[in-house]
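A.B. asks: Each residue of the sequence shown is one higher than the last, beginning at 50 in the working numbering. Below you will find the structure I want to go over with you.
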Amino acid sequence: DWLQTSVSETAKPETPITLGFSQLGKESAWRVANTASVQEAAAESGIRLVMKNAEQSQKKQFEAIRDFIQMKVDVIAIAPVVESGWEDILREVKAAGIPVVILDRSVNVKDTSLFVTTIGSNFYEEGAKAGKYLLDRLRHLPGPIRIAELQGTSGSAPSIQRGEGFRSVVSAREDMSITQSAPADFTEDKGRAIMRGFLQAPAEKRPHVLFAHNDDMALGAIDAIEEAGLKPGEDILVLSVDGSRRALEQLAAGKLNAVVECNPLIGPQLMQAAKEIMAGRTLPKRMVPPEDIFTQERAAEAVNGRKF
Ligand code: GYE
């Protein structure tokens, strides 16, 4: 009898939720940490994860999403490589009756019923934070001040919005301007290569400041600055976004001046959302993790226990 009861009590296993996740690539430390966070959180919360990595190709993301529809997964999560071009595929998913969560980067669609919620950072605010740091830091320095910018992936939400947020703030000073700007795809190698190019400019056109849209590009650029015989952090101020361990180490070493935080560890929030959706609950349309800015004073302490 006791066997009967205990069997029937344990024998109603809830069917696990299956989550299809289209990850956009593995370009940066941030991305690698984001992927790991999703995998770990899925394992911890008993969610079956089917993940496909699109290697920076929106077309591959479409293919992955169509596979998820075929498999009849319960929920689809998408970290979209670029902002535009999502309406048609999201309509296909909607027609299949599968709820969508947009993770990390945002999409630009008119019909917001095409996804349940977006979990990710406020990129505009991140750019603005970098700009505010700069205005404050250089408030006593007369212009002209030339800024070089390493953009992320063209057309990606973080690159577009960080650029806009930064400009919205630095435009307050007329003697401060972005004199060089190019995409370096959020990678260290491209950051190094593009910065080398920027530094070919004659001395009177060289930048005083580098704003890199992520840490990896800043780390590459730091090499390029040193190769050119200049001191990163002194001859050229360096600002970046993310807060990877390697960047915080360079910040503590004085080669970076400020790192705006962007949190990749949002796997638990994604799993929570998947569960709530399957339980029929309503979610807020946008969920934004709280984020800060790291400066040199705080860097050494922040490196301790850094997860990525
Ligand atoms: O800042 C960058 C990554 O989408 C917020 O993508 C993310 C960005 C992150 O490659 O390092």
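No residue lacks a Cβ here, since even glycine has one placed at the ideal position from N, Cα and C.
Run through DSSP, which three-state label would Gln229 get?
C.D. replies: Residue state, collapsed to three classes: strand.
A.B. asks: Please confirm whether Val124 has its beta-carbon closer than 7 Å to some beta-carbon of chain B.
C.D. replies: No chain B appears in this structure, which consists of one protein chain only.
A.B. asks: For Gln72, name the three-state secondary structure that DSSP assigns.
C.D. replies: Correct three-state label for Gln72: strand.
A.B. asks: Using only alpha-carbon positions, find the residue among Ser226, Gln321, Asp291, Ala328 that is nearest to Lys254.
C.D. replies: With distances taken between Cα atoms, Lys254 lies closest to Ser226.
A.B. asks: Is Ser7 near ligand 1, going by C-beta to nearest heavy atom under 6 Å?
C.D. replies: Examination of residue 7 is not possible in this model, given that the chain is present from 50 through 357 alone.
A.B. asks: Buried or exposed: where does Ala348 fall if 16 or more other Cβ atoms within 10 Å of its Cβ makes it buried?
C.D. replies: Ala348 is buried by the Cβ-count criterion.
A.B. asks: Using a threshold of 6 Å, is the CB atom of Asn263 nearer than that to any non-hydrogen atom of ligand 1?
C.D. replies: Yes, Cβ of Asn263 sits closer than 6 Å to a heavy atom of ligand 1.
A.B. asks: Measure the C-alpha to C-alpha separation of Ile274 and Gln229 and round it to an integer number of angstroms.
C.D. replies: Computed Cα separation, rounded: 15 Å.
A.B. asks: Just curious, the beta strand (DSSP E) that Asp234 is in, first and last residue?
C.D. replies: It is not in any beta strand (DSSP E) - Asp234 carries neither H nor E in the DSSP assignment.
A.B. asks: I need the straight-line Cα distance from Arg295 to Ser289, nearest angstrom please.
C.D. replies: Straight-line Cα distance between these residues: approximately 12 Å.
A.B. asks: Compute the distance between the beta-carbons of Gly316 and Ser86, then report whether it is under 7 Å.
C.D. replies: Cβ distance < 7 Å, so Gly316 and Ser86 count as in contact.
A.B. asks: Express the C-alpha separation of Met336 and Met327 in angstroms, rounding to a whole number.
C.D. replies: Using only the alpha carbons, I get a separation of about 18 Å.
A.B. asks: Report whether the distance from the Cβ of Ser77 to the nearest heavy atom of ligand 1 is below 6 Å.
C.D. replies: Yes, the Cβ of Ser77 comes within 6 Å of a heavy atom of ligand 1.
A.B. asks: Between which two residues does the alpha helix (DSSP H) containing Val218 stretch?
C.D. replies: Per DSSP, Val218 belongs to the alpha helix (DSSP H) from 206-219.
A.B. asks: Could you tell me which whole beta strand (DSSP E) segments of length 3 or greater appear in the stretch 145-192?
C.D. replies: Segments of the beta strand (DSSP E) lying fully in the stretch 145-192: 149-152, 166-168.
A.B. asks: So, is Pro313 buried or exposed, given that buried needs 16 or more other C-beta atoms within 10 angstroms?
C.D. replies: Buried.
A.B. asks: Do the stretch 157-172 and the stretch 183-203 meet, that is, are 3 or more Cβ pairs less than 8 Å apart?
C.D. replies: No: the two stretches stay apart, fewer than three of their Cβ pairs being nearer than 8 Å.
A.B. asks: Please confirm whether any heavy atom of ligand 1 lies closer than 6 Å to the CB of Arg241.
C.D. replies: No; taking the cut-off as 6 Å, the Cβ of Arg241 has no heavy atom of ligand 1 nearer than that.
A.B. asks: Among the candidates Phe357, Arg241, Ile285, Glu276, whose CA atom is the shortest distance from the CA of Glu298?
C.D. replies: The option with the nearest alpha carbon to Glu298 is Phe357.
A.B. asks: On the premise that Ile114 lies in contact with Ile125, defined as a C-beta separation below 8 Å, what is that separation, rounded to the nearest angstrom?
C.D. replies: Correct: roughly 6 Å between the Cβ atoms.
A.B. asks: Which residues bound the alpha helix (DSSP H) around Gln200?
C.D. replies: Unbroken run through Gln200 is the beta strand (DSSP E), 194-200; no alpha helix (DSSP H).
A.B. asks: Within 10 Å of its beta-carbon, does Thr54 have 16 or more other beta-carbons around it, so buried, or fewer, so exposed?
C.D. replies: Unreliable positioning characterises Thr54 in this predicted model, as indicated by a pLDDT of 44, which lies under 50. A coordinate reading is not provided.
A.B. asks: What did DSSP end up calling Ala348 once you bin it into helix, strand or coil?
C.D. replies: Correct three-state label for Ala348: helix.
A.B. asks: Can you check which of these residues, Val130, Phe215, Ile118, Val158, is closest to Tyr182 by C-alpha distance?
C.D. replies: Checking every option, the nearest Cα to that of Tyr182 belongs to Phe215.
A.B. asks: Quick check: what's the CA-CA separation for Gly241 versus Ile66?
C.D. replies: For the sequence presented, residue 241 should be read as Arg rather than Gly. Going from the Cα of Arg241 to the Cα of Ile66 covers about 43 Å.
A.B. asks: May I ask you to check if the CB of Pro339 is nearer than 6 Å to at least one heavy atom of ligand 1?
C.D. replies: Outside the cutoff, so no.
A.B. asks: Flag Arg154 as yes when its Cβ comes closer than 6 Å to any non-hydrogen atom of ligand 1, and as no otherwise.
C.D. replies: Answer for Arg154: yes, Cβ within range of ligand 1.
A.B. asks: Keeping to the same chain, check which residues put their C-beta closer than 6 Å to that of Ala145; ignore five residues upstream and five downstream.
C.D. replies: Only Ile118 meet the Cβ criterion.
A.B. asks: Would Phe260 pass as a contact of Ile209 if the rule is Cβ separation under 7 Å?
C.D. replies: No.
A.B. asks: Which one or two residues does DSSP pair with Met336 in a beta bridge?
C.D. replies: BP columns for Met336 point to Ile168.
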